[in-house]
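Here this note's numbering is used: the first residue of the sequence shown is 10, the next is one more, and so on.
Ideal Cβ placement from N, Cα and C applies to all residues, glycine included.
Working notes, beginning with the structure itself.
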Amino acid sequence: MKHIALCFFLLLSVITSGQKIAFTEIPEWVKDEIPEITSKTTKNDVIGGAYTSVIDYQTNLITKDDYFFTRTHVLTETGVSWSSEISITIDTIYNELDFHYFRIIRDDQIIDRTSDLTLDFLSREDNLSQGIYTGAVTAHDILEDIRKGDIIEYAYTIKGENPIFEGHSYRSYALASINPIDYYRLRLIKDPKSEYFISALNMEDLPTWNKNGKIEELELVRTNLESFEFEESTPPWHIAFPYFFVSAFPEMSSVSNWAVKIFELENESKLAISTLFEQITAGIDKEEEKIDAIIRWVQNEIRYMGIESGIGSIKPFQPAQTIEQRYGDCKDKTLLLVSLLKEMDIEAYPYLVNSTMQHRLGDLAPGAQIFDHVITYFSYDYEDYYIDPTVSFQGGSLGKRATFDYGLGLLVKTGTELSEMEGQDNESSMLIEESFEIVDFENAGMLTVKSTLSGMNADYMRMYLDVFSTRELSKEFRAVYGVLYDVFEKEKLNISDDLNANIIEITEVYETQSIFKTIEQEGKEFYQMHYEPLSLYDYVSSMNCEYKNYPVYVPYPVNFKQITSVKLPLPLIIPLDVKTVDNSAFNYLYSEKMKDMTELVLSYTYRAKTNEIKNTEFNQVCRDMQGIIQELPLTLTFPKNL
């Protein structure tokens, strides 16, 4: 309870010490003149009742300062709510905030409201419950007296950047919004002696650096940008709109060279590593078992907690500190694991990845700032392994561990470029075996469900069970079947866990009331049972079959099988069905068979082939999915009076 209260306090508290906002004039290096703009935007073009008509981003790569100016038009009453707050997020360690002005243009009159601002700093520890402390704060203010028809303007500068990058700046700018933009300017200035590299996605005619006195500057201007139609189904790694990058890193090899220094093991930690290695491997003779023991110790004995502020957001703690404090985030745990593996003369390195961009990481410009996660790579007995040391309670021996495939990553080794990761997830699957035993139509029956989870599915369940009780899990499972039937737990949930094989088996036993309902048709009474494979709906879901401009995200990997047995009180004679669907996204197989005329066996198999569907193939995949869903419900009917 104390922990919850502390989290709540941290989330809501106002930071009152050490944080100040300076109200200053616009810096001399900024060009703040905005030309007259003939807008083509109408109210019917705008979502939310307000739109930002002018966006002006200017970055000083010499001083590492970023200037922002926005002009927002409030078109409707709804737009008043949308436009009545200012929120600016900075890092408490290395950023400073200079606010220049806030003004309203109303009935062609400029009203300076800068002195009305309070701009309290609020903590933004949104991920604290997940063990991540960022140190980020938000300067926030609720604006008073905003009206329909107002034009709101404000400008500010965020000063400074993380010193861990050693001046290797990186910026990215999105040139799109859900609403139109009348005028968009991006301006960069740099020292002529410094080299910065520009690149872009979905853009042509890139600007170039031009000499302007003692500086070089680059300016990109776009007018009357149409609103960008985002599709919610688009994979997060697919950037469909224009994006502009500037980076001090010419290629990924320069990033890896920088990262080698960041993940360097200091002499002070070497004794701690040697001592811990001896403790973990004491009494273990086989090398493979030693590796397993080391991995499990780092995963399970070092709790996940990230101090992601300032230099600590990038540079890991030294292993000696991580061992002593018994917590760390991905980079801390990776450096510890790599260092322990090297005690066995195993070639091991940190492996930087991006959990959002994944296999499309190469679309971004080279930069140390594009990575948000790090795992461990090592080579043993001519095999490559990727281990995520942040995954607690992971099952499987060395060759059986399931590691999420991030697609592309950067090995922290001198001179390396992006490399393709070979994910280790050949074992992840889910098998559900349902057995209905119905002695007669009037009385209660029995339902036994055995779920076999392997690979990542077993890992996820193990993590769930570490947080929640079996009672909570039982409630969730029972609620699933409660959608169709009145079920009562006959036996307590039984869970068996084979950690080495990474297989979890869960058995549910229910008493079912009135599976068969009495219905009347054309003056006659019948017993009728309705059935659906409810767990399959997690993967086979309804979609709107419409034209897509971009790829469509689908869950992957998925290897699902369900076998349902229904033992009936009377023989059943029905035509047996078989259905196969095989397209670019998934493979589906459904079959029916009878045993001894009184047992109906239904089999469902679904395997995903990819994590995205091409937009040109989506309609076919969608129609296939809809066809499956329409045929999933099954009804069994028997005459009541034979």
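First through last residue of the alpha helix (DSSP H) which encompasses residue i
i           : result
residue 592 : No alpha helix (DSSP H) contains residue 592, which DSSP labels as neither H nor E.
residue 520 : No alpha helix (DSSP H) contains residue 520, which is instead part of the beta strand (DSSP E) from 512–522.
residue 88  : 86–91
residue 290 : 276–290
residue 343 : 339–351
residue 2   : Residue 2 lies beyond the stretch modelled for the chain, which goes from 10 to 651, so this question has no answer here.
residue 302 : 296–310
Residues that residue i bridges to, as DSSP identifies them
i           : result
residue 596 : 591, 616
residue 198 : 69, 226
residue 382 : 362
residue 100 : 145
residue 437 : Partner(s): none; residue 437 has no beta bridge.
residue 539 : 644
residue 82  : 60, 160
residue 393 : 388
residue 603 : 609
residue 231 : 193
residue 652 : The first residue shown for the chain is 10 and the last is 651, placing residue 652 beyond what the model contains.
As assigned by DSSP and simplified to three states, the class of residue i
i           : result
residue 331 : helix
residue 264 : helix
residue 214 : coil
residue 250 : coil
residue 243 : coil
residue 313 : strand
residue 180 : strand
residue 565 : coil
residue 410 : coil
residue 545 : helix
residue 424 : coil
residue 111 : strand
residue 270 : helix
residue 367 : helix
residue 630 : helix
residue 208 : strand
Residue j beta carbon less than 8 Å from that of residue i
i           : j           : result
residue 234 : residue 207 : no
residue 299 : residue 353 : yes
residue 268 : residue 496 : no
residue 498 : residue 464 : no
residue 505 : residue 517 : no
residue 570 : residue 614 : yes
residue 383 : residue 340 : yes
residue 110 : residue 163 : yes
residue 112 : residue 122 : yes
residue 643 : residue 540 : yes
residue 379 : residue 346 : no
residue 348 : residue 289 : no
residue 622 : residue 563 : yes
residue 101 : residue 146 : yes
Same chain, Cβ closer than 6 Å to residue i, five either side skipped, listed in chain order
i           : result
residue 13  : Unreliable placement is indicated for residue 13, whose pLDDT of 32 sits below 50; the coordinate value is still reported in the next sentence. If we look at residue 13 and ignore the five residues flanking it on each side, it has no Cβ neighbours.
residue 646 : 535, 537
residue 203 : none
residue 76  : 39, 67, 166
residue 181 : 254
residue 200 : 71
residue 218 : 225, 227
Chain-order list of residues whose beta-carbon lies under 7 Å from that of residue i (same chain, five-residue window excluded)
i           : result
residue 389 : 300, 355
residue 264 : 258, 375, 376, 377, 419
residue 170 : 73, 103, 178
residue 245 : 365
residue 553 : none
residue 120 : 112, 113
residue 508 : 404
residue 92  : 59, 81, 83, 155, 161
residue 453 : 520, 521, 522
Residue span of the beta strand (DSSP E) that contains residue i, given as start and end
i           : result
residue 503 : 495–507
residue 455 : 454–463
residue 705 : Since the first and last residues shown for the chain are 10 and 651, residue 705 lies out of range.
residue 164 : 160–168
residue 49  : Premise fails: residue 49 is in no beta strand (DSSP E) and is neither H nor E.
residue 221 : 219–221
residue 525 : 525–530
residue 32  : 30–32
Own chain residues within Cβ distance below 8 Å of residue i, not counting five before or after
i           : result
residue 402 : 308, 309, 468, 471, 472, 475
residue 551 : 634, 635, 638
residue 293 : 299, 302
Short CB-CB distance (under 8 Å) between residue i and chain D
i           : result
residue 468 : You won't find chain D in this structure, because it holds only one protein chain.
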